[in-house]
Every structure is written in structure tokens, then in C-alpha cells.
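So the structure is just underneath, and the comments pick up after that.
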Amino acid sequence: MGIGIWVLGDQLGLGQAALMTANQDRANPDGANPDQASETGAKPPQPSVLLLESRQHVTQPRIYHYQKLVLIWSAMRHFAAELRAAGWSVTYGRVENFETGLRDWLKAENITELRVMIPSDRPFQRFLEQLDLPCTLVWVANNHFLWSQADFDAWAQGYKQLRMENFYREGRKRFNILLEDSIAGPVPEGGQWNFDKDNRKPPKTGLQPPPPLQFEPDAVTRQVIADIQAEEIPGFGAIEPFGWAVTRGQALQVLENFIQVRLKTFGPYQDAMVVGEDTLWHALLSPYLNLGLLQPSEVIEAVEVAYQRSLNTADALDLASVEGFIRQVLGWREYMQGLYRYLDAEAGESKNSEHSGHYSSHARQAQPYGDRNWFNHTQPLPAFFWTGQTEMNCLKQTLDQTLRTGYAHHIQRLMVLANFALIAGLNPQETENWFHSAFIDAYDWVMQTNVIGMGLFADGGKLSSKPYAASANYIHKMSNYCQSCTYNFKAKTGDRACPFNYFYWDFLARHRDKLKRQGRMNLILGQLDRMEPTVLEEMRSQAAHWHQVHNPAVNPSVIR
263 MGIGIWVLGD QLGLGQAALM TANQDRANPD GANPDQASET GAKPPQPSVL LLESRQHVTQ
323 PRIYHYQKLV LIWSAMRHFA AELRAAGWSV TYGRVENFET GLRDWLKAEN ITELRVMIPS
383 DRPFQRFLEQ LDLPCTLVWV ANNHFLWSQA DFDAWAQGYK QLRMENFYRE GRKRFNILLE
443 DSIAGPVPEG GQWNFDKDNR KPPKTGLQPP PPLQFEPDAV TRQVIADIQA EEIPGFGAIE
503 PFGWAVTRGQ ALQVLENFIQ VRLKTFGPYQ DAMVVGEDTL WHALLSPYLN LGLLQPSEVI
563 EAVEVAYQRS LNTADALDLA SVEGFIRQVL GWREYMQGLY RYLDAEAGES KNSEHSGHYS
623 SHARQAQPYG DRNWFNHTQP LPAFFWTGQT EMNCLKQTLD QTLRTGYAHH IQRLMVLANF
683 ALIAGLNPQE TENWFHSAFI DAYDWVMQTN VIGMGLFADG GKLSSKPYAA SANYIHKMSN
743 YCQSCTYNFK AKTGDRACPF NYFYWDFLAR HRDKLKRQGR MNLILGQLDR MEPTVLEEMR
803 SQAAHWHQVH NPAVNPSVIR
């Protein structure tokens, strides 16, 4: 029997589950109880391994940021070399589409059993399930997350209302993270589960964050860049300069750099935004976690071990910084993946929307999570999301760095980009598609829940207890963007009024009845009710006028 393993582009680790099955086969060649001796003693042949670059996948249904495309293809080529060095038989294909490349390989290698680690993204799993392959397709459970889907589902079914904080605390207990012993049993380190209130400092003058650790492109990466340029593959943003890690060894260096150089100051300023500072003290690890170059367990362990070793030293790490980072990985990242699968399964949904592209043709049973639009927002995405050309400095700064690097930190994404899309009434699906194309760490599993649920509240509160909507005052508090902006962050009306202000109050007025039912919005809705009617009317008029003068985005497929 010819066994083949298809390693997908976000599964680039020697310990990924499908590859590990080959080790199990060789340890137990007869399929017998591993404690029993083999009758033949024969070792089965090493399975053939496939990696594929697909032009169609990176251009349809949406384009990729060039930094992301270079990262993935370079990491794949480096991983193929790593597999060959470890003794694997590897076929590496550059094809127009996955189906053709897969079928050609199955035939050439006479594969009768194809093993694939379950993709993190649902659409790709459905694409594979719908292919009439000339072999048996065997799914291997995904081991790139701490929580299995079965365990997440079991946890979620115990709650009427799902909230990340409850999930995070359960994860701390389940995996014994940042706990200390007491007479009553394990308790959280430092006496509390969450130090988020200590991690919201606005930026102060004179902050000097360290530069990010970057790597000079090697011959493999330079060839990837040359291939993309020669083939004129459509994409978003800048392809060079490129400095991301493309191997596990380099990714481990980024992790070590974060622990040694950035972690100590990460917490207090993790929500801050500063002109000219793209990364501040952020870890920059999400692209490598999402590719499988790093595992969440080893990242969390490395940070916790560093914290424990630093205690009672002159360079002791701050627990608030350590807990805040671990919460992002153990809490938010795991929660997004679990919810992504759980919410669709809960509703019996089959994603079949335009933005899910050619992967799915399942009949709808209910509205897919990715298609939800609780506020019925229909405004098109403004062109400046693709070009960065806007006079709103917070958006200009965030979009500029996104175009250059494919990166913006979580508050820039949530409270600048998604906040504007929410209060301006932009279409959720169009906005989510843009997020997919804009960021180096974007995948369906992480973007759908983050954008549709948290950023745009398009799910009506399945994920968040209230919309993350804010006026210019929040951005002024947490950044220095407003100091050099064309608009006045204090003004609600007039030519220099910040659009975030009149859009914010227009949003509250448009959806007052829905928001009132959310409970946590009552205080601000009281301010809305007490507002001078003429002022509110002027703001709503300016909001309508803004949409009239801003054209929809140009076709992103022609942006280079």
C-alpha cells in the first residue's frame, strides 16, 4: 500500500500529526499491539510527502499580502529541504491549482492512502472532502493547538454565554500555567487571574522600543521573491524589504529575542500606538505559530520558565507582562480557533458565501457565521484601505505600516481599523476579506471570529458582550496619532471634526434599539438621549455626506 502525506502550507513542523503517523507505522509495522513483537520485523517504507504552491489559492477568492506570500512559500521550501535532510521522500510542486497538482502526484507515486492533518481552515477541509480522489483520504487530528475541538466543544456546552475569560481560566487550570499551590489547591500566580488593568498605559514621550529581530533574505527567499515578480502574481502591499523568519530555527530566535529584550516592557504598553513605531514591544510570533514553525505549548513554557527564573533577580520579569502575553496565546488564540469550529457546528452551518470562494458548494442549513451582519451594514470599503491615502492620521499610520510589513498589532486592528469599519457601517464581509488580504498572520480560522465577531459585532454578541465602538477620544488617549492629524479629535461637527466622532454618534443613533438590549451600552445611550438634537442631526448629516464623497475601493486584484 502506497501511503502519502500532504503537508499544507500552515503545517510546517516535523512534529505535525500526519508526519508523526509515519513514525508510529515504523514503530509498529504490523499494526499489532506495540507491546507485542512484530512477526516479520519488517519496517514499512517511508511515506511520500507532498508540498504544493498553488497560484490559484493565493489569488482566488482573495489576494495575499506580498509579505505573507513570500513568508509562506519560503518557509515551505525551507521545510521541504529540512524533510529531505531528515530522510523523507519529498515532492515539491509549483502548480496552477491544488487539485491538478494533487492528482498528478497521487498517480505518479501510486498513492492508495492519503493522510492529511485536519486543516485549521474549514473551507480547505471541505474542498478536500469534495474531491473524488482515487485513494482513501485519512484525516489526522490537528495538533497545532493546545485544545482539541472535542475538548473545546465539551467546555462550551457547559455555558449559556461563552466568554473568553472563563475559557482562559479553565485553560490555566487544565494545562497548569502560572499557578501556585495553596491549602485550598492551585491558585493563580500573584493572587489574580488577569492583570489586564495594569497593561493599558498610554504612550509617554521618549519611548524607545527595541527594533524587531529581522533576517536578511537567503537564496531561497530571494528566489521566491523573484518567482512572484516574474509571474506577476497579484497581491497587496510591499514585497520588499523582507525580514521575517522563514525557518523554525529563526522563529526560535525571535522567541528568544522577545523573552530577553521585549517581554519585560510588553505588558504596560501593549495597547499603545506611536507614530513611526510599528512593533513597540510586541512579540511578533503569530505568523510562526500560525505556520506551525512554533507550537503554542513551547512558547508558553519558554515565557513561564523565563519568568520563574527571573524571580528574586535584578531583572525580574513583571507578572503583568508575562500573564498578558500568555493570555493572548493560551486564552485568545485558542479561543478563536475553538469558537471558529464550534459556532458553525452549533448552528449546523455550511459555509457557502461568495467570500468563501471555490472551496465550498454545500447547501446552506442556516446563515453561516462568516455571513452574519447583525447591524445590516452595507457601506462599501473605502479605497484608502487599499492605498493608505487618507487624512485621518490614525488610519494613515496603521495602513501605511500594514502596506509595508503586513503587520499591525491587536489594538491597531481592533480600535482603529475595525472600529472605523463598525461605526462607519462598512459591509462586514467586505471588511473581513480586506483583513485576510492585509495581514501576514491572516487565516480563515483567526480572522473570521476576530473580525466578524469581536471587531464588527456582526454576530450580535455571540463572541463579545458589547461592540468595541469608540470615538476619537480613545485613540487620542492611547496614541500620539491625533497630535499630527488634519482633524480635531475633540470636534464633533464642522470641517475639522474627526470622522470617528460623528460616525460614533451616528452609529449609536442608528442602532439605539438594538444596542439598548445589550445592557452594557446603557450609560453611553443615556448620553445620546441627552444630546442636543441639532448637534446630533449635524453629526448624522456629516456622516451621510462622508459616504457620498468617498468612492468604493478600486478592484484589489489590480493593486501591486
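With positions in the sequence shown counted from 1, the corresponding number in our numbering is that position plus 262.
Just so it is clear, CB atoms sit at the ideal spot from N, CA and C, and this is done for glycine as well.
Residue closest to residue i, alpha-carbon to alpha-carbon, out of the options
i, options, result
"leucine 424", "Trp268, Arg772, Gly722", "Gly722"
"leucine 368", "Phe341, Glu344, Pro396", "Pro396"
"aspartate 489", "Thr283, Leu331, Gln810, Tyr749", "Leu331"
"tryptophan 636", "Ala704, Met716, Tyr421", "Met716"
"proline 381", "Thr649, Phe437, Leu553", "Leu553"
"aspartate 540", "Thr353, Ile334, His672, Asp791", "His672"
"arginine 782", "Lys435, Cys744, Lys754, Ala731", "Ala731"
"proline 474", "Cys760, Trp506, Thr321", "Trp506"
"methionine 709", "Val797, Gly650, Tyr597", "Tyr597"
"isoleucine 714", "Pro690, Ala280, Gln286", "Pro690"
"methionine 801", "Arg779, Asn784, Lys776, Ser733", "Ser733"
"threonine 362", "Tyr326, Arg384, His319", "His319"
Beta strand (DSSP E) segment containing residue i, residue limits
i, result
"valine 352", "351-357"
"tryptophan 268", "265-268"
"serine 583", "Not the beta strand (DSSP E): serine 583 falls in the alpha helix (DSSP H), residues 581-588."
"leucine 314", "310-316"
Start-to-end residues for the alpha helix (DSSP H) that takes in residue i
i, result
"serine 382", "Note, serine 382: premise wrong, no alpha helix (DSSP H); not H, not E."
"serine 336", "328-347"
"valine 797", "795-811"
"glutamate 432", "426-437"
"glutamate 560", "558-572"
"leucine 551", "548-553"
"glutamate 361", "360-370"
"valine 823", "Lying outside 263 to 822, the shown extent of the chain, residue 823 is not represented and no answer is given."
"leucine 661", "655-667"
"leucine 525", "525-528"
"lysine 776", "774-778"
"glutamine 411", "411-418"
Three-state class that DSSP yields for residue i in the structure shown
i, result
"glycine 453", "helix"
"asparagine 519", "helix"
"asparagine 638", "coil"
"glutamate 391", "helix"
"glutamine 278", "coil"
"threonine 398", "strand"
"leucine 725", "coil"
"serine 699", "helix"
"serine 741", "strand"
"aspartate 272", "coil"
"serine 746", "helix"
"methionine 535", "strand"
"glutamate 375", "strand"
"proline 464", "coil"
"isoleucine 495", "coil"
"valine 708", "helix"
"valine 713", "helix"
"leucine 643", "coil"
"leucine 440", "coil"
"leucine 688", "strand"
"serine 622", "Note that serine 622 has pLDDT 35, beneath the 50 cutoff, so the model's placement of it is unreliable and the number below is only indicative. The answer is coil: DSSP assigns serine 622 none of H, G, I, E or B."
"alanine 759", "strand"
"alanine 771", "helix"
"arginine 782", "coil"
"arginine 324", "coil"
"leucine 787", "helix"
"glycine 505", "coil"
"lysine 422", "coil"
"glutamine 651", "coil"
Residue i Cβ short of 7 Å to the ligand FAD heavy atom set
i, result
"leucine 331", "This structure simply doesn't include the ligand FAD, nor any ligand for that matter."
For residue j and residue i, believed in contact at Cβ under 8 Å, the rounded distance
i, j, result
"methionine 740", "proline 464", "5 Å"
"leucine 376", "tryptophan 268", "6 Å"
"arginine 499", "tyrosine 328", "First, the residue type needs correcting, since residue 499 is glycine and not arginine in the sequence shown. At roughly 5 Å, the Cβ-Cβ gap stays under 8 Å, so glycine 499 and tyrosine 328 are in contact."
"leucine 517", "leucine 556", "6 Å"
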